[in-house]
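Scroll down for the structure; my scribbles are underneath it.
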Amino acid sequence: MSGPDLRDRLRDAPVPDERGAEERGWRVVSAAFGEAPARHRRPARLRVAVAVALLAAAVLAIPATGAGAWLRDLVHPGRHHAKPALLSLPGGGRLLVGSREGAWVVKPDGSKRLLGAYHEAAWSPRGLFVIAARGRQLVAVEPGGRVRWTVTRPDPVRHPQWSPSGYRIAYLAGRVPELRVVVGDGTGDRRLDPRAADVPPAWKPGAAHVLAYAREDGSVWLAATDRHRTLWRSAPGEVPRQLAWSADGRRLLAVGGKSTRVFDDRGRLLSTLPSTGGPGPVSALAFARRGHRFALVQSGAGGQSEVVLLAAERRPPPPRRVFVGAGALGGLAWSPDGRWLLIGWPSADQWLFVRSSDARRIVAVSNIARAFSPGASGPGQAPRIAGWCCVSK
Amino acid sequence: MTAIGAADRSERDLIRAAQDGSAEALERLFRRHWPPAHRAAYLIVHDQAAAEDIAQEAFLAAIRALDRFDRRRPFAPWLHRIVVNRAIDWARARAIRREVAAEAAPEGGTPPHREGPSHDVVAALAQLSPEQRAVVVLRYLLDFTPGEIADALDLPRGTVNSRLRRALDGLGPMLEESR
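Read top to bottom, the protein sequences are chains V and Y.
Taking this note's numbering, the leading residue of the first sequence gets 1, the next gets one more, and so forth.
Taking this note's numbering, the leading residue of the second sequence gets 394, the next gets one more, and so forth.
In structure tokens:
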């Protein structure tokens, strides 16, 4: 069949209710245009922005402890004047997002691509690949969706993490999780520890293949994976939900529901933060791109959650509150340049991009769940922020 | 000035007017670009409601980005890129959820048969994967070159060519039978 023939058929193919769809589309689009601030309406937009900034400043001026009950009156279920869709990523780079449908890559212009039915995905260090779990398979996939290799295990795999060197991947497999390490090209799969806790392992920054992981008794272990040698292990304690290294590899956090343990790189316990000084458990944590600062999400009284900036030091400075929101806050991620902090806000169906140098600068984006559940009959589930990777492709 | 050049200038003028707040200019842009955008979405997802949603979302994205749109760039390819990528995402998501809407054709299945060659192309497309449908629609409905398709879908040029070849290999016999 010739190209012109196919062209004619495609142009003549019947589209159900084509005219009705066009009219409904125009009603929606014209209504949105009427609400959108065009150039001649910009002064009004500016006034709104100033009002929003002042509100944010009022919220952020509150000290991190002892906030009064009046705070609830300031916090809305969602930022007003949030952008209706993600049209750009402040700070650039690419986001990795997990939803019920699978793993998505969001590009700097806000466009997104569903990689496939992968779960617990993570970036490779330069963003050239994504490593993900799919049932019993460990899958390395390109950001465009092409599968590079797979490793199949007898039991489900989870929590894959790519080493900073790019040459190793750690993951958990089995009902009683065993910790395994595979070479970056999918070869050399081997067990490192047969009794790990079901917690994502964390590679220490640097070229050496040094991995932190937890065991069921709550002890934290550090292993040189190539030599199969334990470097240190901590005393038992609360089983952490998350392990996180500072960018310089000198601090390791073991974040639990009741407390956060701060270790140095030799395994010395520097401090234990009881619920990080906040009223509720920690649900997410992310180290800044430089230094020992980290952001965490904790739930508070009155159905609120907050994001607080802390430092992993023996005598840390007072915490700084970045944001307070009604309901639950979700994941956290720093932009590749470290200038923006992304906060998930499932209760408001929004993402918040907060400028790290000036927390009053907040870019809010709404309709997040639906954006990552295309075609879903309901409102969709809140997606999980899995990583914000490097600018280079 | 050629007719195409005049049309380009006319489109630039419409975009400029829309950027300045002219609803009339926006409606002319909408009426010009909705039909192919909606058709493209439908031919990829084969779902009436989803195609309408996808086309609407693409236009809403266009409105939101209107202030920043570079008038020197053509509007249609930019819009179509949004439409096709959203349609692929939708089709993939449906395949993952394995949901089948009551009135929608099953993914990869045969839609209700209707008479005529134009209906047959819809049925034949349904046999292809969403990715293959997308390259066919971009190439033969929206007149993208293979290089432009590669750019729009963020694929290597060779992948685009192979998808096109496989899609045409699949479509050919089905459409020949319908003659």
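Every residue gets a Cβ at the ideal spot worked out from N, C-alpha and C, and that includes glycine.
Residue i to residue j span [Cα, whole Å]
i: A416/Y; j: F423/Y; result: 10 Å
i: Y118/V; j: N367/V; result: 22 Å
i: W149/V; j: A170/V; result: 15 Å
i: A486/Y; j: L269/V; result: 45 Å
i: K112/V; j: L86/V; result: 9 Å
i: S403/Y; j: A418/Y; result: 10 Å
i: G127/V; j: D446/Y; result: 32 Å
i: F323/V; j: S357/V; result: 14 Å
i: W232/V; j: P374/V; result: 47 Å
i: W203/V; j: R24/V; result: 52 Å
i: C389/V; j: I362/V; result: 20 Å
i: Y533/Y; j: D5/V; result: 9 Å
i: E22/V; j: A364/V; result: 30 Å
i: P428/Y; j: P566/Y; result: 28 Å
i: G98/V; j: P346/V; result: 13 Å
i: L546/Y; j: E524/Y; result: 9 Å
i: I397/Y; j: H292/V; result: Legend: pLDDT at I397/Y = 48, less than 50; position of this residue unreliable, value from coordinates given subsequently. Roughly 59 Å separates the two Cα atoms.
i: F129/V; j: R146/V; result: 10 Å
i: P90/V; j: W340/V; result: 7 Å
i: A140/V; j: W245/V; result: 23 Å
i: A13/V; j: D544/Y; result: 26 Å
i: R168/V; j: V307/V; result: 32 Å
i: L518/Y; j: G166/V; result: 41 Å
i: G331/V; j: G551/Y; result: 38 Å
i: A197/V; j: W123/V; result: 22 Å
i: E142/V; j: A301/V; result: 43 Å
i: S30/V; j: L453/Y; result: 9 Å
i: R39/V; j: A348/V; result: Since pLDDT at R39/V reaches only 47, below the 50 mark, its modelled position is unreliable, and no value is offered.
i: W483/Y; j: A443/Y; result: 8 Å
CA nearest to the CA of residue i, picked from the options
i: L472/Y; options: R487/Y, Q525/Y and E450/Y; result: E450/Y
i: P383/V; options: W351/V, S357/V and I362/V; result: W351/V
i: P431/Y; options: S555/Y, I475/Y and N554/Y; result: For the sequence presented, residue 431/Y should be read as His rather than Pro. Among S555/Y, I475/Y and N554/Y, the Cα nearest to that of H431/Y is on I475/Y.
i: F353/V; options: S234/V, E18/V and A82/V; result: A82/V
i: L114/V; options: G102/V, A197/V and R355/V; result: G102/V
i: W162/V; options: D12/V, V181/V and P240/V; result: V181/V
i: Q304/V; options: V29/V, A326/V and P14/V; result: A326/V
i: R457/Y; options: S522/Y, G414/Y and A527/Y; result: G414/Y
i: V297/V; options: W123/V, L310/V and R195/V; result: L310/V
i: G92/V; options: W104/V, G110/V, A312/V and P84/V; result: G110/V
i: G249/V; options: G206/V, A348/V, T230/V and G184/V; result: G206/V
i: R290/V; options: D337/V, G20/V and D185/V; result: D337/V
i: H228/V; options: K107/V, P316/V, A208/V and S234/V; result: A208/V
i: A369/V; options: P160/V, R215/V, P164/V and W104/V; result: W104/V
Within chain V, partners of residue i - CB distance below 9 Å
i: A519/Y; result: Result: empty, since nearest Cβ-Cβ is about 11 Å, beyond 9 Å.
i: L407/Y; result: Residues of chain V passing the Cβ test: none, with the nearest at roughly 13 Å.
Residues that residue i contacts on chain Y, provided the C-beta gap is smaller than 7 Å
i: F33/V; result: A416, L419 and I456
i: G144/V; result: D547 and L548
i: G416/V; result: Any question about residue 416/V goes unanswered here, given that chain V covers just 1 to 393.
Per-residue DSSP class, three states only, for residue i
i: D264/V; result: strand
i: Q381/V; result: coil
i: H209/V; result: coil
i: H292/V; result: coil
i: S30/V; result: helix
i: H439/Y; result: coil
i: V15/V; result: coil
i: L564/Y; result: helix
i: S99/V; result: strand
i: P274/V; result: strand
i: A82/V; result: coil
i: A122/V; result: strand
i: F372/V; result: coil
9 Å Cβ cut-off: residues of chain Y touching residue i
i: S30/V; result: A416, L419, E420 and F423
i: A85/V; result: E450, L453, A454 and R457
i: R180/V; result: Within chain Y, no residue comes near R180/V; the closest Cβ sits about 26 Å away, beyond 9 Å.
i: R384/V; result: Within 9 Å Cβ-Cβ: nothing; R384/V doesn't reach chain Y, min ~16 Å.
Neighbour list for residue i in chain Y, Cβ cutoff strictly below 8 Å
i: R94/V; result: The premise fails here: R94/V is roughly 11 Å from chain Y at the closest Cβ pair, so nothing lies under 8 Å.
i: R293/V; result: Under the 8 Å cutoff, chain Y gives no residues; its nearest Cβ is about 33 Å from R293/V.
heavy atom of the ligand GTP below 8 Å from residue i C-beta
i: A411/Y; result: As for the ligand GTP, it is missing from this structure, which has no ligand bound.
Interface partners of residue i on chain V, CB under 8 Å
i: E445/Y; result: A21, R24 and G25
i: H431/Y; result: V15, E18, A21, E22 and G25
i: P428/Y; result: E18 and E22
i: V530/Y; result: L10
i: R352/Y; result: As shown, chain Y starts at 394 and ends at 572. That puts residue 352/Y outside it, with no answer to give.
i: D463/Y; result: Here the premise fails: no neighbours, minimum Cβ distance about 13 Å.
* Please list the segments of the alpha helix (DSSP H) lying wholly inside the region 518-544 of chain Y, counting only runs of 4 or more residues, in order along the chain. => 523-529
query: What runs of the beta strand (DSSP E), each 3 residues or longer, lie entirely inside the region 175-258 of chain V?
result: Entirely contained in the region 175-258 of chain V, the beta strand (DSSP E) runs reaching 3 residues are, in chain order, 178-183, 190-193, 210-214, 220-224, 229-233, 242-245 and 251-255.
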